[in-house]
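Position 284, counted from 1, in the sequence shown is what our numbering calls 1670; the numbers after and before it change by one each time, with no gaps.
All residues carry an ideal CB built from backbone N, CA and C; glycine is no exception.
Please read these numbers as outputs of a predicted model, since none were measured by experiment.
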Amino acid sequence: MKRVNRKYDLEFKNKVISEITKNNYSIMYAAKLFKVNFATINTWLYKNRNPKVSKKSIIEIAPTKKELLVAMRDELNNNSKIKVKDLLIKYNLKKSYWDKYKNIDETYDRDFDIYQRIKKIFDDNLCQFGYRRIRDYYIKEYNTNISTSKVLRIMRKYSIISNFQKRANLVKLINKGRTKSDLTYKDLIRRDYKSVTEPNKVWYTDVTYLVSNNGKLYVSTIIDGSTREVIDYKISNKNNNEFIIKNLKSAINKTKRKGLFKNGMIIHSDKGSSYKTHEYASVVNKHKMIISMGRTGVCYDNIVIESFHSLLKKGTIHNNKLCKKDISIYKKSVIKWYSWYSNYKKQGKYTLFKKL
C-alpha cells in the first residue's frame, strides 16, 4: 500500500494553531479533532513559534501539565455535564494523574516541608554548611533518609548558599615546605597528627587576626589534639606576651578544675616571638608541660590549629559581610561561633574537618 502525502493549505494550518492556542487543546486532542497526524501539528506549532525561543525548547504556547490540570478542573466545575473521560482526552492527561492531583491546590509546593527543615539546620549552624553536610545532619536529626541530589536541588531552588571558599587540599599542604632549620625547641609532633589519639596529651595553640574596615583584634586559641575541642580562647586588641600567657593559664586552670590535666602534656605552636619568651617557658615548666614548635615560616607544621582558624574565618567574616565593616560585629560573630562550635562538639556531631 502506497503512502498518501496530504497537503494542507495555509488557512487550515492557521485555523488549527489558533484553535489550540485559544482553547488550550493538547496536540493529541487536536490531532483527533482535525484528523491530522500528531507529528504534523507539532511541526506547524514549531514553525510558528516565537523566533527568539531556542530550538531546544518546546513551543512557548504549549501549556504545562499543571496548567492543563487547572484548566480541566475549572471546566469541569463550570459544566458538570461534561464527562471526565472526554476532558482527559482533550487535555491529554492520564486518569492516574487526575486522581492524584485533582484536589491539590495549584500553589502547593511538595518541597516546602523539607525546605523548612534544611533551612533550620542551615541557620542553626551559622549558615556555613554545604549540601553534603546538611544531608548528613538531616538524616541524624530527623531519622529519615534523603539523597544528596535532593538536598542540593532544594537548596538551589530556595537559594540556600554558604559564602565561604572551597576547602584547601590538606594532604598537599602537609607535604609542602619540608626544609631543615635550627629550632629553639624540637618539633615533637613532626606532622604525625593521627598518632594523637588520647585527649589532653597534645594541645595546639596559635594566634590569628580579626581585621575589618574600622579595626583589628587578635584571637589566641588552644585546642585538643585528639578531640579538636576548644580548651580556651582569648580575644585582645594587643598581640603581646601577656595575652598568650593569659590564654595558656586559663586553659590549664579549666582542665585542672575538671580533673583532666596530665603531666607531660605537649603544647605545640609555631615559632612566634611570644612563644619563645622566658615568661611563657616558665609557665609551661611550672605545670610540667613540654614545649614543641614547628619551623619558622612553615605553617604546615602547625596545620591543625591553622585549619581550625580557617573554619573560624569561614563561619564568620567569609559568611557575614557586616563583619568586614565593623570590628564589634566581627567580635560578636566570633564569640557566637566559638559557642556554636563548643556545643557542636559536646553533642558528638561528626567532625568538621578531616583528621590529619
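Asked: So is residue 1502 buried or exposed if we call it buried at 16+ other beta carbons inside 10 Å?; Found: exposed
Asked: With three or more beta-carbon pairs closer than 8 angstroms as the criterion, would you say the stretch 1675-1692 touches the stretch 1711-1724?; Found: no
Asked: Is residue 1650 near residue 1676, with beta carbons less than 8 angstroms apart?; Found: yes
Asked: Distance, Cα to Cα, residue 1544 vs residue 1470?; Found: 36 angstroms
Asked: How many angstroms separate the CA atom of residue 1587 from the CA atom of residue 1646?; Found: 10 angstroms
Asked: Would you call the stretch 1700-1719 and the stretch 1598-1609 touching, i.e. three or more CB-CB distances under 8 angstroms?; Found: yes
Asked: Tell me, please, whether the CB atom of residue 1580 is closer than 8 angstroms to any CB atom in chain B?; Found: Among the protein chains of the structure shown there is no chain B, as only one such chain exists.
Asked: With distances taken Cα to Cα, identify the nearest neighbour of residue 1654 among 1643, 1665, 1640, 1670.; Found: 1670
Asked: Measure the alpha-carbon distance for residue 1571 versus residue 1623 and round it to whole angstroms.; Found: 28 angstroms
Asked: So residue 1403 packs on residue 1430, CB below 8 angstroms; how close in whole Å?; Found: 6 angstroms
Asked: What is the DSSP secondary structure of residue 1545, counted as helix, strand or coil?; Found: coil
Asked: Using CA atoms only, rank isn't needed, just tell me which of 1488, 1478, 1659, 1421 is closest to residue 1459.; Found: 1488
Asked: Across the stretch 1533-1541 and the stretch 1570-1585, are there enough close Cβ pairs to call them in contact, namely three or more that are closer than 8 angstroms?; Found: no
Asked: Which term fits residue 1525, buried or exposed, when burial requires 16 or more other beta carbons within 10 angstroms of its beta carbon?; Found: exposed
Asked: What do you reckon, are the CB atoms on residue 1591 and residue 1607 nearer than 8 angstroms?; Found: yes
Asked: What does DSSP give as the partner residues of residue 1593 in its beta bridges?; Found: 1606
Asked: From residue 1521 to residue 1509, what does the alpha carbon distance come to, in whole angstroms?; Found: 14 angstroms
Asked: From 1466, 1462, 1479, 1465, pick the residue whose C-alpha is nearest to that of residue 1454; which is it?; Found: 1479
Asked: Does the separation of the CB atoms of residue 1474 and residue 1481 fall below 8 angstroms?; Found: yes
Asked: Within 10 angstroms of its Cβ, does residue 1566 collect 16 or more other Cβ (buried), or is it exposed?; Found: Only weak support is given to the placement of residue 1566: the predicted model assigns it a pLDDT of 47, under 50, and the value that follows is read from those uncertain coordinates. It is exposed - the Cβ of residue 1566 has fewer than 16 other Cβ atoms within 10 Å.
Asked: Using three-state DSSP, classify residue 1701 as helix, strand or coil.; Found: helix
Asked: May I have the straight-line CA-CA distance separating residue 1681 from residue 1662, to the nearest angstrom?; Found: 12 angstroms
Asked: Under the assumption that residue 1627 contacts residue 1660 (Cβ atoms under 8 angstroms), give the Cβ distance between them as a whole number of angstroms.; Found: 5 angstroms
Asked: Between the Cα of residue 1638 and the Cα atoms of 1673, 1412, 1417, which residue gives the shortest distance?; Found: 1673
Asked: Could you give the first and the last residue of the continuous beta strand (DSSP E) run that contains residue 1653?; Found: 1652-1655
Asked: As an exercise, report each continuous alpha helix (DSSP H) stretch of at least 4 residues that is fully enclosed by the stretch 1456-1480, in chain order.; Found: 1470-1477
Asked: In chain order, what are the residue ranges of uninterrupted alpha helix (DSSP H) at least 4 long that sit wholly in the stretch 1659-1733?; Found: 1664-1672, 1689-1701, 1708-1711, 1713-1732
Asked: For the alpha helix (DSSP H) that residue 1631 lies in, which residues bound it at each end?; Found: 1627-1643
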